[in-house]
Amino acid sequence: MTKQLPWLVVGQGALGSLMAVQLARQNQSVQLKLRQSQRVTIAYEQSSHSFTGTIGINCPSLIFAAVKAYQVAPLLDEFRQQPLFDQSQLILSYNGMLSNEAEQLRPQDWHWVTTHGAYRDGNQVVHGGHGESWLGGMAGQTTPPAFFSQLEQALPPLHFSSDINLRRWYKLAVNCLINPYTVIHQCRNGELPERVAPAEWRQVADEIVQLAAARGRQLDAEDLLAQARRVIAQTAANRSSMLQDYRLQRPLELDYLNGFVVTASAAEGMVAPANQLLCERIKAMQATRDPQ
Ligand code: PAF
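My numbering puts the first residue of the sequence shown at 982, with every later residue one more than the last.
In structure tokens form, the structure reads like this:
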């Protein structure tokens, strides 16, 4: 029997914390990657879970990194300096798309795409929306990895996908259709259907379909909108990650979501005015609000 690798969870945000707790509840060995070695406690439902922090990869590991898109490049730079990275498997989760993904990630890396919604309230993690997740490899692997069942048991349902990039297009669309609007309307996901004009939503979706087609992917705008509505229903009580970041005055993932649609469309000789307008509205809100 092959020995199970321990988990190293990167990202102290809501999803990283939720996964760390859920893996620990399945009796997996879990450490958190922190800036210094210390113990960290995460409260979840009625219980508290205590984790050891580590600053690097100190044994071959399963690395689960739920990070912001803008943290991916520095994280990979840091890991590439560590000899044990080659013997470790990396499972990455972030919203949006990077312009140079193929150069950043290794063929043996995995994407975890999720519609679960969660938020942190101090050291408490709240699972605000029970969605679903997909795991797939950068190289289009056709069989699930050995660690699949551990992730599946920790946070079900989990589906294996041999075309994870299709899931990532769907997730990009869902985030582009939900996240900026929750900032504009300062509301939870569930309030969006009564606040967003259907024609405007449709245009945002059409521009994603147009970009995907230019990149060889056939998507359908009505299908994207139906997926967004389903995620909204599943995560109605959740505050989107962008709304949480906006309220805490942290950098937003806008440039990797609607901003990505705008710049990637421009690179294909096309325009994406509805996505552009969303970026402008949010940037204007950031520029004019009172400093904390
Ligand atoms: O970014 C988020 O908040 C999440 O991806 C989702 C699924 C929209 C739930 O809030």
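Glycine residues also receive a C-beta, built at the ideal position from the N, C-alpha and C atoms.
Keep in mind that this is a model prediction, so the values were computed, not measured.
Closest Cα partner of residue i within the set the options
i, options, result
"Arg1169", "Thr1124, Thr1216, Val1053", "Thr1216"
"Glu1084", "Gln1019, Asp1236, Ala1054, Asp1144", "Ala1054"
"Val1155", "Met1223, Glu1059, Ala1135", "Met1223"
"Gln985", "Val1002, Val1011, Gly997", "Val1011"
"Thr1124", "Val1106, Ile1145, His1108, Gly1110", "Ile1145"
"Gln1122", "Gln1105, Ser1143, Tyr1227, Val1242", "Ser1143"
"Leu1071", "Gly1034, Gly1118, Glu1113", "Gly1118"
"Phe1141", "Leu1158, Thr1163, Glu1113", "Glu1113"
"Ala1255", "Ala1135, Phe1129, Ala1214, Val1185", "Val1185"
"Val1212", "Asp1226, Thr1244, His1111", "His1111"
"His1097", "Ala1024, Gln1167, Met1000", "Met1000"
"Asn1219", "Ile1038, Asn1160, His1092", "Asn1160"
C-beta contact flag for residue i and residue j at 8 Å
i, j, result
"Trp988", "Gln1009", "yes"
"Met1251", "Ala1195", "yes"
"Gly992", "Ala1050", "no"
"Ser1246", "Glu1188", "yes"
"Val1190", "Leu1206", "no"
"Pro1088", "Ser1069", "no"
"Asp1090", "Leu1073", "yes"
"Lys1014", "Thr1035", "yes"
"Tyr1237", "Gly1109", "no"
"Leu1132", "Leu1116", "yes"
For residue i, the first and last residue of its enclosing alpha helix (DSSP H)
i, result
"Tyr1025", "Looking at the DSSP string, Tyr1025 is not in any alpha helix (DSSP H); the run it does join, the beta strand (DSSP E), is 1020 to 1025."
"Thr1269", "1254 to 1269"
"Thr1274", "With the chain running from 982 to 1273 in the structure shown, residue 1274 is simply not present."
"Gln1164", "Here the sequence assigns Val to residue 1164, which means Gln is not the residue at that position. From DSSP, the alpha helix (DSSP H) with Val1164 extends over 1145 to 1165."
"Ile1213", "1202 to 1215"
"Val1177", "Taken as a continuous stretch (DSSP letters only), Val1177 belongs to no alpha helix (DSSP H), as it is neither H nor E."
"Met1000", "995 to 1006"
"Gly1240", "1239 to 1248"
Residue range of the beta strand (DSSP E) that includes residue i
i, result
"Phe1353", "No statement about residue 1353 is possible, as the shown extent of the chain runs from 982 to 1273 and does not include it."
"Leu1286", "Nothing can be reported for residue 1286: it is not among the residues displayed for the chain, which extend from 982 to 1273."
"Leu1229", "Note, Leu1229: premise wrong, no beta strand (DSSP E); not H, not E."
"Leu1139", "1139 to 1141"
Per DSSP, the bridge partner or partners of residue i
i, result
"Trp988", "Val1011, Leu1043"
Distance cut-off 7 Å: residue i Cβ against heavy atoms of ligand 2
i, result
"Ser1031", "Because ligand 2 does not appear in the structure shown, any question about it cannot be addressed here, the ligands present being ligand 1."
(message) Going residue by residue through the segment 1068 to 1132, where are the continuous alpha helix (DSSP H) segments of at least 4 residues, counting only ones entirely within it?
(response) 1082 to 1085
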